[in-house]
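Residue numbers (our numbering): 7 to 152.
Even for Gly, the Cβ is constructed at its ideal location relative to N, Cα and C.
The structure presented is a predicted model; accordingly, all values stated were derived computationally and were not measured.
Given below as structure tokens:
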């Protein structure tokens, strides 16, 4: 079995920890506001086999988007809600995530008079099973690299 790729030479390498792998696969996009800013580069069981480690790489240009408070979740692309009186509602993410799934993240605005803290290589985050609506309200202005 080939070794798991957990880091690339360029960019910001991070680890997402999940209870289960779900639909995440190596090569899938990492999205910020539905724009691809990185990729899933490796997947492995944790040393104690009770969690899954998902290794991602954020392109150097977009590394400033990640702070210790960032929230990550898996995107399957399509959700369907049906109700007896409300009918059927189909919600879809981008075409790319519909076809292959993705990981998405948002970063909150820093507390007043503070700047976003950068994260170090190999920082660990929890991969949430779904997005919380309040995360969509976050609108920090973050200068990205060229």
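Using a Cβ-Cβ distance under 8 angstroms, would residue i count as near chain B?
i: residue 135; result: Any reference to chain B falls outside this structure, which holds one protein chain only.
Quick one: grab the DSSP three-state call for residue i.
i: residue 67; result: helix
i: residue 142; result: helix
i: residue 153; result: No information on residue 153 is available, as it lies outside the stretch 7 to 152 that the chain covers here.
i: residue 10; result: coil
Quick check: the Cα distance between residue i and residue j, rounded to an integer number of angstroms?
i: residue 136; j: residue 66; result: 26 angstroms
i: residue 149; j: residue 143; result: 19 angstroms
i: residue 117; j: residue 123; result: 11 angstroms
i: residue 103; j: residue 121; result: Any reading at residue 103 is ruled out, since the residue's pLDDT is 42, under 50, leaving its predicted position unreliable.
i: residue 33; j: residue 79; result: 16 angstroms
i: residue 107; j: residue 134; result: 14 angstroms
i: residue 40; j: residue 77; result: 14 angstroms
i: residue 29; j: residue 151; result: 30 angstroms
i: residue 63; j: residue 145; result: 23 angstroms
i: residue 3; j: residue 139; result: Absent from the structure is residue 3, since the part of the chain shown begins at 7 and ends at 152.
List the whole-angstrom C-beta distance separating residue i from residue j, where the pair is believed to meet the contact cut-off of C-beta under 8 angstroms.
i: residue 42; j: residue 52; result: About 27 angstroms separates the two Cβ atoms, so there is no contact after all.
i: residue 61; j: residue 48; result: 4 angstroms
inquiry  = If we require 3 or more residues per run, which beta strand (DSSP E) segments fall completely within the region 18-62?
reply    = 18-24, 35-38 and 41-51
request  = Decide if the region 14-23 is in contact with the region 68-75; the criterion is three or more beta carbon pairs, one per stretch, under 8 angstroms apart.
outcome  = yes
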